[in-house]
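Novice: Supplied in structure tokens, the structure appears directly below.
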Amino acid sequence: GRRPWFGYFAETFLAPAGTMAYGDEVDHLELAEADTTLGDLQSMVVGSPEFLQAFRWYLDIGQTRRVTPSFTLMTGDKDDPRFDRFYLTGNEVRLFLGLFLGGLPSYMGLGFECRDPHPEPAPNEHYSKLYVFRIDSGEKATQGPYRWGQNAELFTRLTRIRLAAEEVLPGLAGEVRWLLPPDPTGHHRLIAWTQASNPRYVFIANLDPLNAIAAAKVPGVRGLL
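Everything in the sequence shown is counted per my numbering, starting at 71 for the first residue and increasing by one.
This is the structure:
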């Protein structure tokens, strides 16, 4: 039956080989017998070439190695005024992928679902990162409690995605079959996948949050469902 279990979650960012003192980070994680690791998708703008390359690499690691990167939406460490640009767009597709993708575990920090867009830095009390150390003076000081975002539009859209996931996910299991995998060259930003066995749903996501795709061809869909 279904039983709870504990996994080894490593808080590493999958830096390029040779960046860290121990050489290749994936080799190190395998030797440490880590089940999954944080990764660094939270530090990239959705749809950017950097994001697409890392996303595809993480999928490849999950398929070929004994450790699986996470599809990380936002961490407390990145809920910081220096990193506001990562979350100006694309938050809906981050949650959609985190819930429906399968194959990669997902991770979400506090306040993501109602986070206000910050085209300019907000007061420090709006950032959970600045409560980790509770600095009383200087540019990182906080006065009073953490202030939750008031982004009702984002919260409503993400709630719709979450409610759909609660309905759909109990009936899904097994491996993912990619119909349009992430393009590491960054030329194509539409992705699509289904289930490897007994497919019931096709999931499609546009990784270009600034430009809609009016019409697209997804190979392999005809006669699939």
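C-beta atoms are modelled at their ideal positions from N, C-alpha and C, and glycine is treated no differently. As the structure is a prediction and not an experimental result, all values here were calculated from the model.
Let's test the definition: count the other Cβ atoms within 10 Å of the Cβ of HIS196 and tell me whether it reaches 16, buried, or not, exposed.
Specialist: Taking the first residue of the sequence shown as 1, we reach residue 196 at position 126. Buried is the call here.
Novice: Assuming CYS184 contacts LEU224 under a Cβ cut-off of 8 angstroms, what Cβ separation, rounded to an integer in Å, is found between them?
Specialist: Reading the sequence shown from its first residue, position 114 is the one you call residue 184. Reading the sequence shown from its first residue, position 154 is the one you call residue 224. At roughly 7 angstroms, the Cβ-Cβ gap stays under 8 angstroms, so CYS184 and LEU224 are in contact.
Novice: Does the Cβ of SER140 have 16 or more other Cβ atoms within 10 Å, making it buried, or fewer, making it exposed?
Specialist: Mapped onto the sequence shown, residue 140 falls at position 70. With 16 or more Cβ atoms within 10 Å of its Cβ, SER140 is classed as buried.
Novice: Would you mind reading off the limits of the alpha helix (DSSP H) that contains ARG72?
Specialist: Position 2 of the sequence shown, counted from the first residue, corresponds to residue 72. No alpha helix (DSSP H) holds ARG72; DSSP gives it neither H nor E.
Novice: Let's test the definition: count the other Cβ atoms within 10 Å of the Cβ of THR255 and tell me whether it reaches 16, buried, or not, exposed.
Specialist: Within the sequence shown, residue 255 is the residue found at index 185, counting from 1. Exposed, by the Cβ-count rule.
Novice: Quick check on the DSSP output: the alpha helix (DSSP H) that includes VAL288 runs from which residue to which?
Specialist: To locate residue 288, count along the sequence shown from 1; it is residue 218. Unbroken run through VAL288: none, as it is neither H nor E.
Novice: Check for me: the beta strand (DSSP E) holding TYR128 runs from which residue to which?
Specialist: Here residue 128 is taken as the residue at index 58 of the sequence shown, counted from 1. Careful: TYR128 lies outside any beta strand (DSSP E), inside the alpha helix (DSSP H) at 119-134.
Novice: Who are ALA104's beta bridge partners in DSSP?
Specialist: In the sequence shown, counting from the first residue as 1, residue 104 sits at position 34. BP columns for ALA104 are empty, so no partner.
Novice: Looking at the structure shown, is ASN276 part of a helix, part of a strand, or coil, going by DSSP?
Specialist: To locate residue 276, count along the sequence shown from 1; it is residue 206. Residue state, collapsed to three classes: strand.
Novice: Is it true that the segment 269-289 meets the segment 153-171, where meeting means three or more beta-carbon pairs spaced less than 8 angstroms apart?
Specialist: yes
Novice: Taking only runs that begin and end inside the segment 165-253, name each unbroken alpha helix (DSSP H) of 4 or more residues, in chain order.
Specialist: Counting whole runs of 4 or more residues, the segment 165-253 contains the alpha helix (DSSP H) stretches 222-238.
Novice: Which same chain residues end up closer than 6 angstroms to ARG136 when comparing Cβ atoms and leaving out the 5 residues on each side of it in sequence?
Specialist: Translated into the one-based positions of the sequence shown, residue 136 becomes position 66. Taken in chain order, the residues that qualify are GLU100.
Novice: Assuming ARG113 contacts PHE156 (C-beta within less than 8 angstroms), just tell me the rounded distance between them.
Specialist: By 1-based counting over the sequence shown, the position of residue 113 is 43. By 1-based counting over the sequence shown, the position of residue 156 is 86. The sequence given here places Ser at residue 113; Arg does not occur at that position. So it is a contact: roughly 6 angstroms between Cβ atoms.
Novice: Taking Cβ to Cβ, would you say ASN172 is nearer than 8 angstroms to LEU242?
Specialist: Residue mapping note: residue 172 aligns to position 102 of the sequence shown, counting from 1. Residue mapping note: residue 242 aligns to position 172 of the sequence shown, counting from 1. Reading off the sequence, residue 172 comes out as Gly, not Asn. For GLY172 and LEU242, yes; Cβs fall inside 8 angstroms.
Novice: If we call anything under 8 angstroms between Cβ atoms a contact, is THR142 one with LEU111?
Specialist: Here residue 142 refers to the residue found at position 72 of the sequence shown. Here residue 111 refers to the residue found at position 41 of the sequence shown. By the CB criterion at 8 angstroms, THR142 and LEU111 fall inside the cutoff.
Novice: Counting Cβ pairs closer than 8 angstroms, one from the segment 118-130 and one from the segment 252-268, do we hit at least three?
Specialist: yes
Novice: What residues match up with LEU260 in a beta bridge as DSSP calls it?
Specialist: Position 190 of the sequence shown holds residue 260. Partner(s): ASN276.
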